[in-house]
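Shown next as structure tokens:
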């Protein structure tokens, strides 16, 4: 995974797909024999296969080739916003109580999405749709290439090829998880769909069933093999993603799979108990999960504690992006101008950039317990800018001039941490615009929360066990444990907000609870009104982008 390079193949793998064409998001260019031929592959079949698999992974980490400033896979849109993690953040966090987007020059976010206004011609919505299909298509082309024998793999590399196919199927499933979540009725295409064809649109339930069946098959194929190399995915990543599918099955497919969610969570939890905080498998200090050396607790590198079950690696030579952990720091912080009523310094986070683009909304900040001096005993807000720093909790406006009117919910830093949770002052990363921290896609803490919710929804287990799962998380955060009487669906939802904020879960959670639309839960500027207002239920899904409708003939989601 070092020095990832863009690979153009004669086999059709061309990732520089424009946004001007719907089919460009769903297919790849035809063969170009001037690029790389089968005879070239035969010189180093594993080397070529490794580099092409790296392209599958790279599509989840950065905008395209050449890092942050290189060519973008999604054209006609801000390169950073078109990166996988940030594209999901745009649609799964910014329209909720957790976040907002202040720069007024980004009207596709500032004047629309953050107010729960989702026009079908919105570039951010189209950019996310395109990114997800591009990633799935790159994985499909890789799988097709291996299966068709175009790498010319000798017998001793066949098992390696099969393993790489499994990894590509897992990555593809992650793209489809968000496609199903955000857009509902989407076309499903695996490697059997002919290059150049436009896949038929599936119902949300049909797409769910196909993706889940394939992911379940991957888990079965792995057997007892949980081995994984740093930067790659394996059996446990597939299992963790399945828990997310199962938890949302009633929304996605109209079927209850809470029992499957509970059982899968138990398998994961069992593998991790016996070490870490209270033998839970959780790392003892929350901040260490979001620092520059958090790969210590991730797949392939963990030494006894692997709380991060799936990560997007950024501690890799020459890999840069205005997304991932760099975005998670820089979008939040700045340095206070002279005379400012609030105090924050980007140097405190060891970053060279501060964009002051986003704040938390009051209703989310109020889910934490605050002392009278503006501090909190909850270690999950250790790096926040709060009332103790002169920030106001109320959001009087959502423009960059309003920075200071809302708490700054910083989660990541560019510091290395020691095992006791303190900053390693003898091993300080260079202050830079890009952070070395890996982005945590799924953590063991989420598995505990998924299990507790599944138990409450009738998936199995017992209240005492579910309560203990929640208390592992709460006690690590330094807040009071619950009794079984405090275990409820609404309380679990709030705990998910506190533990998993900015991990691209919030809108999905609110939809599952029936609280994203309607009047059951109101937050500042929901519906474009300062104190919030109810929004229509059709907004539980984003529109299929109008360009896709025009070129592919797909049916639009209701209400658009």
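Numbering (my numbering), first residue to last: 50 to 609. Don't be surprised by glycine CBs; every beta carbon is placed ideally from N, CA and C. Predicted model, so just to flag it, every value in this text is computed and none were measured.
One question on the structure: do residue i and residue j come within less than 9 Å of each other, judged by their Cβ atoms?
i           : j           : result
residue 377 : residue 488 : yes
residue 160 : residue 362 : no
residue 411 : residue 573 : yes
residue 270 : residue 348 : no
residue 47  : residue 505 : Past the edges of the chain, shown from 50 to 609, lies residue 47, and the structure says nothing about it.
residue 154 : residue 341 : no
residue 409 : residue 483 : no
residue 519 : residue 498 : yes
residue 261 : residue 298 : yes
residue 592 : residue 169 : yes
residue 171 : residue 553 : no
residue 368 : residue 107 : yes
residue 177 : residue 143 : no
residue 15  : residue 477 : This structure cannot speak to residue 15, because the chain is shown only from 50 to 609.
residue 264 : residue 502 : no
residue 442 : residue 436 : yes
residue 151 : residue 407 : yes
residue 167 : residue 609 : yes
residue 402 : residue 394 : no
residue 245 : residue 179 : no
residue 579 : residue 420 : no
residue 508 : residue 307 : yes
Per DSSP, residue i forms a beta bridge with which residues?
i           : result
residue 360 : 489
residue 236 : 250
residue 441 : 454
residue 481 : 400
residue 466 : 472
residue 434 : 457
residue 567 : 584
I'd like the list of long-range same chain contacts for residue i, defined as Cβ closer than 7 Å, with 5 residues on each side in sequence excluded.
i           : result
residue 558 : 542, 545
residue 533 : 512, 513, 516
residue 249 : 236
residue 233 : 253, 590, 606
residue 581 : 571, 572, 573, 574, 575
residue 595 : 169, 170
residue 433 : 456, 457, 458, 459
residue 25  : Here the chain covers residues 50 to 609 and nothing more, so residue 25 does not appear.
residue 422 : 437
residue 164 : 574, 576, 577
residue 227 : 137, 181
residue 604 : 234, 250
residue 586 : 566, 567
Use the C-beta contact count for residue i: other C-beta atoms within 10 angstroms, 16 or more gives buried, fewer gives exposed.
i           : result
residue 381 : buried
residue 485 : buried
residue 414 : buried
residue 568 : exposed
residue 474 : exposed
residue 530 : exposed
residue 69  : For residue 69, the predicted structure reports a pLDDT of 26, less than 50, and the residue's modelled location is therefore unreliable. The matter cannot be settled from this model.
residue 500 : buried
residue 287 : buried
residue 480 : exposed
residue 372 : buried
residue 273 : exposed
residue 280 : buried
Among residues of its own chain, excluding the 5 on either side of residue i, which ones have a beta-carbon nearer than 6 Å to its beta-carbon?
i           : result
residue 240 : 189, 192, 193
residue 220 : 105, 188
residue 428 : 335, 526, 527
residue 564 : 570
residue 71  : Residue placement at residue 71 is flagged as unreliable, the pLDDT there being 26, under the threshold of 50; the coordinate-derived value follows with that caveat. Excluding positions up to five away in sequence, the list reads 596, 597, 600, 601.
residue 196 : none
residue 315 : none
Once the 5 residues before and after residue i are set aside, which same chain residues still bring their CB inside 8 Å of it?
i           : result
residue 338 : 332, 346, 356, 357, 489, 492
residue 535 : 516
residue 416 : 543, 546, 547
residue 418 : 425, 426, 427, 528
residue 102 : 191, 213, 216, 217
residue 317 : 285, 288, 289, 292, 358, 493, 496
residue 383 : 393, 395, 403, 404, 405, 452
residue 76  : In this predicted model, residue 76 has a pLDDT of only 31, less than 50, meaning its place in the structure is not dependable; the value taken from the coordinates is given anyway. If we look at residue 76 and ignore the five residues flanking it on each side, its Cβ neighbours are 186, 244, 245, 246, 247.
residue 275 : 283, 284, 285, 320
Taking CB distances under 9 Å as the criterion, tell me whether residue i reaches chain C.
i           : result
residue 448 : No chain C appears in the structure shown, which is made up of a single protein chain.
Restricting to runs no shorter than 4 residues, where is the alpha helix (DSSP H) found entirely within the stretch 139-222? Within the stretch 139-222, the complete alpha helix (DSSP H) segments of 4 residues or longer fall at 156-159, 172-196, listed in chain order.
Continuous alpha helix (DSSP H) assignments of at least 4 residues falling wholly in the stretch 509-553: Counting whole runs of 4 or more residues, the stretch 509-553 contains the alpha helix (DSSP H) stretches 512-525, 538-549.
Which complete alpha helix (DSSP H) runs does the stretch 306-389 hold, if anything under 4 residues is left out? Runs found: 307-321, 373-379.
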